[in-house]
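Colleague: Read left to right, the sequence shown gives residues 1 to 87 (full-length UniProt numbering). For each residue, glycine too, the CB sits at the ideal point set by N, CA and C. All of these numbers come straight from a predicted model, not from anything done at the bench.
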Amino acid sequence: MSVRLSAKEKEVAILVSNGMKDKEIAQTLYISRRRVGEIIASIKEKWNIHHRVEIGIRAYYYGLITIEIAPREENCSQRIKQKSFVF
C-alpha cells in the first residue's frame, strides 16, 4: 500500500535515490540540512522503513524513479588488463 508523500518529500526521496547526501540535498533545494533530516525521517515513518537505502527501493517501486541500464560493451574483456607477477 502506497502512502502519499508531499511534493517536497517526493523531491527529497528522488535525490536520496540518486545517492545525494543531506548536505547536497539541502544545497540543491535551498533548505537547511536539519530540514532535510526531518523530511527523510517523515518519509521513513510514512513508508515504515528504517534505512536510507530503502527510500531508493520504495521510490523505484512507487514509480518516482526509473533505472536506466547502459548498453553493454562488446569486448569489455579487452579493457581488463591482466597483471603478471614475478616470483
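Exposed or buried, what is R72 when buried is set at 16 or more other beta-carbons lying within 10 Å of its beta-carbon?
Modeller: exposed
Colleague: Within a Cβ cutoff of 7 Å, which residues of the same chain sit near K44, ignoring the five residues on either side of it in sequence?
Modeller: H50
Colleague: Going by CA-CA distance only, name the one from Y62, V3, V12 that's closest to R34.
Modeller: Out of Y62, V3, V12, V12 has the C-alpha closest to the C-alpha of R34.
Colleague: Can you give me the start and stop residues for the alpha helix (DSSP H) that L64 sits inside?
Modeller: No alpha helix (DSSP H) contains L64, which DSSP labels as neither H nor E.
Colleague: In chain order, which continuous runs of the beta strand (DSSP E) of length 3 or greater are located wholly inside the UniProt domain "HTH luxR-type" (1–63)?
Modeller: none
Colleague: I'd like the list of long-range same chain contacts for L15, defined as Cβ closer than 7 Å, with 5 residues on each side in sequence excluded.
Modeller: I25, T28
Colleague: Of the choices A70, Y62, T66, I67, whose alpha-carbon is the least far from that of R4?
Modeller: Y62
Colleague: Decide if S32 is buried, meaning its Cβ has at least 16 other Cβ atoms within 10 Å, or exposed.
Modeller: exposed
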